[in-house]
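Structure, as structure tokens:
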Amino acid sequence: DAGVTQSPTHLIKTRGQQVTLRCSPKSGHDTVSWYQQALGQGPQFIFQYYEEEERQRGNFPDRFSGHQFPNYSSELNVNALLLGDSALYLCASSLDSGNQPQHFGDGTRLSIL
Amino acid sequence: GESVGLHLPTLSVQEGDNSIINCAYSNSASDYFIWYKQESGKGPQFIIDIRSNMDKRQGQRVTVLLNKTVKHLSLQIAATQPGDSAVYFCAGGGADGLTFGKGTHLIIQP
Numbered sequence: 001d002a003g004v005t006q007s008p009t010h011l012i013k014t015r016g017q018q019v020t021l022r023c024s025p026k027s028g029h030d031t032v033s034w035y036q037q038a039l040g041q042g043p044q045f046i047f048q049y050y051e052e053e054e055r056q057r058g059n060f061p062d063r064f065s066g067h068q069f070p071n072y073s074s075e076l077n078v079n080a081l082l083l084g085d086s087a088l089y090l091c092a093s094s095l096d097s098g099n100q101p102q103h104f105g106d107g108t109r110l111s112i113l
Numbered sequence: 001g002e003s004v005g006l007h008l009p010t011l012s013v014q015e016g017d018n019s020i021i022n023c024a025y026s027n028s029a030s031d032y033f034i035w036y037k038q039e040s041g042k043g044p045q046f047i048i049d050i051r052s053n054m055d056k057r058q059g060q061r062v063t064v065l066l067n068k069t070v071k072h073l074s075l076q077i078a079a080t081q082p083g084d085s086a087v088y089f090c091a092g093g094g095a096d097g098l099t100f101g102k103g104t105h106l107i108i109q110p
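Protein chains in written order, with the working numbering: chain A, 1 to 113; chain S, 1 to 110.
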């Protein structure tokens, strides 16, 4: 039973570029959340997708957008990249049934030059 | 808003001893708390969760205690092993997804 998978594992971009990160949820999960983790910090919530709609959003600018597909997989898009966007981007999936634990992938390490 | 934070950035324990990692939260509206373990180069791994209508929950070698009066959460690891070495995060469930603290790095001394 595959857990949460993310691609790519590492990515290098330059300022001003755009990036798309991908996530496949754990089998049986229907909800996907995205987090940004800076070095030495805890993950920060970006947004959550359920039924192909953005349901909740953290304190991130509109440059961060996402999508969820009918098979529950998800993409995170970041436009006009800034140096400060360098971080580990984590995807977590869960089952939308009350408070259920979120299970994380190993993330995409994004470096902005 | 809510914040979730840990008391100590680093905790060093002897192999075989019990470890206690503490966490304080500020927003009593959070009704769900989770502990995660994150090893270097990996994503957070679910350890145990607890709902606000409970004050204790036990798993395999781990126990989570919740004190709503003082808004305090703790993770106890029994008979700490080298494989327990990692950064431990508490997280609170709320309207803005999970809110994480900065983490405690658990170091195991041989």
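Glycine included, every Cβ here is placed at the ideal spot set by N, Cα and C.
If you scan the stretch 23-82 of chain A from start to end, which runs of the beta strand (DSSP E) of 3 or more residues do you find wholly inside it?
Here the runs fully enclosed are 31-37, 44-50, 53-57, 64-68 and 74-78.
Let me see if you follow: with CB-CB separation under 8 Å, is residue 29 (chain A) close to chain S or not?
Not a single CB atom of chain S sits nearer than 8 Å to the CB of residue 29 (chain A).
Using CA atoms only, rank isn't needed, just tell me which of S:15, S:81, S:26 and S:18 is closest to residue 73 (chain S).
Selected option, being the one with the closest Cα: S:26.
Does any residue of chain A have a CB that is nearer than 8 Å to the CB of residue 83 (chain S)?
No, residue 83 (chain S) lies away from the interface with chain A (no Cβ there is under 8 Å from its Cβ).
Could you tell me the distance, in whole angstroms, from the CA atom of residue 55 (chain S) to the CA atom of residue 83 (chain A)?
The straight-line gap from Cα to Cα measures roughly 43 Å.
Cross-chain neighbours of residue 62 (chain A) in chain S, by beta carbon under 8 Å
Result: empty, since nearest Cβ-Cβ is about 17 Å, beyond 8 Å.
Give me the Cα-Cα distance between residue 37 (chain A) and residue 44 (chain S), rounded to the nearest whole angstrom.
So the two alpha carbons sit approximately 11 Å from each other.
At a CB-CB cut-off below 8 Å, which residues of chain A make contact with residue 34 (chain S)?
Within 8 Å Cβ-Cβ: 101 and 102.
Pull the bridge partners of residue 19 (chain A) from the DSSP assignment, please.
A:78.
For the stretch 5-16 of chain A, enumerate the residues whose C-beta is nearer than 9 Å to any C-beta of chain S, in chain order.
Sequence-ordered contacts of the stretch 5-16 of chain A with chain S read 6 [C-beta pairs closer than 9 Å].
Looking at residue 26 (chain A): is its Cβ nearer than 8 Å to the Cβ of residue 42 (chain A)?
In this structure, the beta-carbon distance from residue 26 (chain A) to residue 42 (chain A) does not fall below 8 Å.
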